[in-house]
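These notes are about the structure you will find just below.
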Amino acid sequence: MGRGGDRRRAQPHDMELESAVSRAQRGDDEAFAVVYRLVHPGLLGYVRGLVGADAEDVASDAWLEIARDLGRFRGDGAGFRGWTATIARHRALDHLRKQKRRPRTSLIEQDVLDLPGRADTADEALESVATQWALAQIVRLPQDQAEAVLLRVVVALDGPSAARVLGKRPGAVRTAAYRGLRRLTEQLAPGSRAADAVPAAPAPLRNES
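Residues 667 to 875 (our numbering) make up the sequence shown, in order.
Right, here's the structure in full:
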């Protein structure tokens, strides 16, 4: 069941989202359309990073479950984004299992020493390029880093919320996101091969057999 979660990663439209979710739970179809508009872009970006070209189908399955279970959710706008990301991740992993792909085991199994906060320069760099191109770079990261970055930057969850989605400790997710963003910053530096690359449709996250 959904929970409110930390507001430290609250987004500008989270109050609007919270209100729309409440009205949608009372049967307001127009409010559900608002919920979809506010949540779908980030959710689709996250799913695209997980399953690649099949993202639209997987996201549609996730939205069917979200609509079905909407009345069970309890929380605020930020919590709703985390709840929907959890559902989308489950549908994506189900999809990969059906394709006989096994998700890779995380490279980080326990908390490590705290590292500095998220690299603001990486956020700025990601905002300056096309979403499709950015996703193509993110999915080339190690899987634990890619998922952490997708949840922190694309879905805009805070560390504890992203950890709940992934079933990991917040310190591990924070470390993975920091390392992934640092690597992206290096890739996006002027003169790097990645910075000069032509945008391409992102492939699914690499999986080890």
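For glycine and all other residues, C-beta sits at the position ideal for the given N, C-alpha and C.
Give the DSSP-derived three-state secondary structure of residue i in the structure shown.
i: residue 679; result: coil
i: residue 698; result: helix
i: residue 764; result: helix
i: residue 822; result: coil
i: residue 759; result: helix
i: residue 693; result: coil
i: residue 638; result: What is shown of the chain runs 667 to 875, which leaves residue 638 out entirely.
i: residue 840; result: helix
i: residue 735; result: helix
How would you call residue i, buried or exposed, if buried means at least 16 neighbouring beta carbons within 10 angstroms?
i: residue 695; result: exposed
i: residue 730; result: exposed
i: residue 734; result: exposed
i: residue 827; result: buried
i: residue 833; result: exposed
i: residue 763; result: exposed
i: residue 830; result: buried
i: residue 745; result: buried
i: residue 738; result: exposed
i: residue 811; result: buried
i: residue 794; result: In this predicted model, residue 794 has a pLDDT of only 42, less than 50, meaning its place in the structure is not dependable enough to derive any value.
i: residue 747; result: buried
i: residue 809; result: buried
i: residue 740; result: exposed
Rounded to whole angstroms, how far is the Cβ of residue i from the Cβ of residue j, which I believe are closer than 8 Å?
i: residue 679; j: residue 704; result: 5 Å
i: residue 836; j: residue 825; result: 5 Å
i: residue 840; j: residue 807; result: Actually they do not touch by this definition, with Cβ atoms about 15 Å apart.
i: residue 754; j: residue 728; result: 4 Å
i: residue 719; j: residue 701; result: The Cβ separation is near 26 Å, so there is no contact.
i: residue 645; j: residue 820; result: No answer is possible for residue 645: the residues shown for the chain start at 667 and end at 875.
i: residue 842; j: residue 814; result: 4 Å
i: residue 805; j: residue 758; result: Their Cβ separation, rounded to whole angstroms, is 12 Å, which puts residue 805 and residue 758 out of contact at 8 Å.
Got a sec: does the ligand PLP put a non-hydrogen atom nearer than 6 Å to the Cβ of residue i?
i: residue 686; result: Among the ligands in the structure shown, none appear at all, so the ligand PLP cannot be discussed.
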